[in-house]
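A quick write-up on the structure given underneath.
2 protein chains.
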Amino acid sequence: MAGFWFTEKQTENFGITMKVNKTLHTEKTEFQHLEMAETAEWGNMLFLDGMVMTSQRDEFVYHEMVAHVPLFTHPNPENVLVVGGGDGGVIREVLKHPSVKKATLVEIDGKVIEYSKKFLPEIAGGLDDERVEVIVGDGFMHIAESENEFDVIMVDSTEPVGPAVNLFTKGFYSGISNALKEDGIFVAQSDNPWFKSDLIKQVMSDVKEIFPITRLYTANIPTYPSGLWAFTLGSKKHDPLKVAEERFHDIETKYYTKELHNASFVLPKFVKDLTE
Amino acid sequence: MAGFWFTEKQTENFGITMKVNKTLHTEKTEFQHLEMAETAEWGNMLFLDGMVMTSQRDEFVYHEMVAHVPLFTHPNPENVLVVGGGDGGVIREVLKHPSVKKATLVEIDGKVIEYSKKFLPEIAGGLDDERVEVIVGDGFMHIAESENEFDVIMVDSTEPVGPAVNLFTKGFYSGISNALKEDGIFVAQSDNPWFKSDLIKQVMSDVKEIFPITRLYTANIPTYPSGLWAFTLGSKKHDPLKVAEERFHDIETKYYTKELHNASFVLPKFVKDLTE
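What follows is the structure, given as structure tokens:
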């Protein structure tokens with residue numbers, strides 16, 4: 001199709017709508033409905049099951065904020081795991097940290113990787129880096145089979161429907177804790193506080209039972225519901241709010257700054273209330 | 001009409017869409033097209049010239065952030081002017097500050113006041129307070145005729161089209177400076193950094209020529225374009241980032257906190273770049 005408008009209903013009664021110049025690819029994969037489209041406002045975009053995953057224009061926010069907050073919190077991240085994130089954006093940001101020796105991506109749907117490489121090359125480019133191992137497989141199982149292995153784990157999943165449903169369970173966070181080294185850190189995208197307050201409360205509560213340091217931070221992502229996106233960080237030892245000034249080194253970013261690192265944990269009152 | 005979807009095109013190629021239970025009022029006023037509707041997601045909403053002005057569910061963000069940031073920055077705000085803001089939400093927040101003896105609202109369109117009182121009573125309620133003077137008139141002219149009078153001026157305008165076009169000019173900021181006392185502060189809503197970066201740059205540059213302290217801060221407003229809204233603050237003496245801890249007193253809010261007061265000035269890198 002060409003020249004139509006695509007609408008994502010973010011709730012039953014509210015959504016975003018955007019002009020699509022043309023559909024680039026559409027496919028029912030083994031796991032989900034995948035769609036790649038060229039939009040007039042946001043550039044090429046990836047949709048899974050009708051939900052916006054990423055766009056060329058605003059992808060930097062999500063990918064920078066998933067990656068740099070935990071990676072600067074950890075004093076020396078060498079071995080990193082990304083669960084999901086088949087578009088490659090988080091991996092691209094991870095590779096900006098010179099301490100990282102190995103980054104593993106476990107994406108359940110190989111088609112996401114394939115079509116991201118094709119239509120979102122500036123996002124997916126890092127996947128071919130020699131420090132990166134790409135595994136097409138089940139992130140939940142990969143976590144369950146790993147022990148004391150990773151410095152940082154990032155969960156870049158879809159919403160808790162379809163293939164990602166296991167990634168929002170206490171069993172999964174427990175597995176993450178085992179897969180992390182003794183001073184490991186994990187981050188998971190946690191949807192938005194306006195429409196999914198119960199989910200945020202549940203995730204915070206579950207993660208708190210397992211990690212001594214649990215914090216929520218947010219970022220503005222215009223193509224995601226409400227424009228305010230939440231991330232849950234669980235840490236065994238290092239507090240993201242106590243990062244030594246000298247730990248921050250210069251990296252090229254469009255959203256993240258070391259000042260924003262701290263400010264992103266300062267929550268609007270109604271969001272803060274969800275975490276207590 | 002009943003049971004239809006309303007779409008606001010926030011740019012040529014992108015918009016939000018929402019289910020409208022019923023239209024409450026629609027009128028071509030002397031200045032603009034006014035529409036009040038009951039929406040399924042956001043409660044009652046006010047639209048001017050097809051743009052979302054406010055909704056019952058998310059109005060607290062905008063109104064708290066316009067009012068409390070300058071009012072806590074000023075050590076003793078007594079005389080306050082709100083230009084625009086006929087829905088009354090900023091006035092409601094202003095009245096939470098016990099130091100305020102007088103609050104003047106100058107709204108050009110009396111119909112906005114009339115229908116806000118009718119359909120958004122919990123927003124407009126403060127307009128009947130005895131400390132409040134409501135003037136239906138031209139804010140630009142009111143500013144031009146005032147001198148050394150106000151502690152804080154808030155510009156709660158529509159976009160720089162239609163009746164608000166004069167409120168985005170250097171002449172207006174100059175008039176505001178004259179209307180303020182020697183340690184006065186003003187705040188103006190400044191649209192959003194994703195789609196209106198040129199406007200933000202222009203406003204920052206203009207205000208910097210007139211006020212020794214000029215700063216940009218942001219808040220998340222889901223029904224406004226991109227979900228990230230910017231506010232420009234100009235101050236003759238008091239720095240919003242150097243508010244004495246004891247200055248903050250407890251007020252009831254849903255978004256603003258004293259920690260967020262400071263954090264809201266910490267900008268994403270691409271937004272910070274617009275201010276330099």
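As you go down the protein sequences, you meet chains A and B in turn. To convert, note that position 230 of the first sequence is 230 in full-length UniProt numbering; the numbers rise steadily by one, no gaps. To convert, note that position 240 of the second sequence is 240 in full-length UniProt numbering; the numbers rise steadily by one, no gaps. We put the beta carbon where it would ideally sit given N, CA and C, even for glycine. Since this is a predicted model, take the numbers as computed values, not measurements.
- Two segments are said to touch when three or more pairs of C-beta atoms, one from each, lie closer than 8 Å; by this definition the segment 253-268 of chain B does not touch the segment 103-119 of chain B.
- For A:M18, the neighbours in chain B by C-beta distance under 7 Å run, in chain order, N13 and F14.
- Going by C-alpha positions, B:L267 is about 16 Å away from B:K196.
- Taking C-beta atoms as the reference points, B:G175 and B:I135 fail to come closer than 8 Å.
- For the segment 217-245 of chain B, the residues whose beta carbon sits under 7 Å from a beta carbon of chain A are, in order, N220, P222, S226, G227 and L228.
- Against chain A, a Cβ distance below 7 Å from B:A263 picks out A263 and V266.
- Looking from the CA of B:W229, the closest CA among B:E30, B:D58 and B:M36 belongs to B:D58.
- Taking B:E8 as the centre and dropping the five residues before and after it, the same chain places the C-beta of G15, I16, G50, M51 and V52 closer than 7 Å to its C-beta, in chain order.
- Counting along the chain, the unbroken alpha helix (DSSP H) around B:H68 starts and ends at E59 to T73.
- Secondary structure at B:Q56: coil, using DSSP grouped into helix, strand and coil.
- At a cut-off of 8 Å between C-beta atoms, B:K22 does not count as an interface residue with respect to chain A.
- Between the alpha carbons of B:N192 and B:Y62 lies a gap of roughly 13 Å.
- Shown here, B:N79 sits in a strand according to DSSP, grouped into three states.
- Of all residues in the segment 248-262 of chain B, the ones placed with a Cβ closer than 8 Å to any Cβ belonging to chain A are T253, K254, Y255, Y256, T257, E259, L260 and N262, in chain order.
- Here A:F265 carries a coil assignment [DSSP, helix/strand/coil].
- For the C-beta of A:A179, not a single chain B residue is nearer than 7 Å; the gap to the nearest is close to 31 Å.
- At a cut-off of 8 Å between beta carbons, B:F172 makes no contact with chain A.
- Under a criterion of Cβ atoms nearer than 7 Å, the residues of chain A adjacent to B:A40 are, in order, N13.
- Under DSSP, A:T169 forms no beta bridge with any residue.
- Selection B:N76, B:G43 and B:W5 evaluated against B:R247 yields B:N76 as nearest (Cα-Cα).
- In this structure the segment 95-103 of chain B touches the segment 126-133 of chain B; the number of beta carbon pairs closer than 8 Å is three or more.
- Taking a contact to require three or more Cβ pairs closer than 8 Å, the segment 65-72 of chain B and the segment 177-187 of chain B qualify as touching.
- Within a 10 Å sphere around the beta-carbon of B:H74 sit 16 or more other beta-carbons, which makes this residue buried.
- Here DSSP, grouped into helix, strand and coil, assigns A:R247 to helix.
- Looking from the CA of B:F119, the closest CA among B:L24, B:I213 and B:L180 belongs to B:L24.
- In its chain, beyond the 5 residues on either side, V69, F231, L233, S264 and F265 have a beta carbon closer than 7 Å to the beta carbon of A:Y217.
- Taking CB atoms only, B:K196 has no neighbour in chain A less than 8 Å away.
- Closest in alpha carbon position to A:L167, among A:D138, A:V271 and A:S226, is A:D138.
- Annotation for A:H25: the continuous beta strand (DSSP E) segment containing it runs F14 to K28.
- Within the DSSP secondary-structure output, A:Y217 pairs in a beta bridge with A:F231.
- The three-state secondary structure of B:K272, taken from DSSP, is helix.
- With respect to chain B, the C-beta atom of A:F270 has a partner C-beta closer than 8 Å.
- Separation of the CB atoms of A:V80 and A:A103 is rounded to 5 Å, and the pair is thereby assigned contact status at 8 Å.
- Judged by DSSP secondary structure, B:D198 falls within the alpha helix (DSSP H) whose first and last residues are S197 to I210.
- At least one beta carbon of chain B lies nearer than 8 Å to the beta carbon of A:T7.
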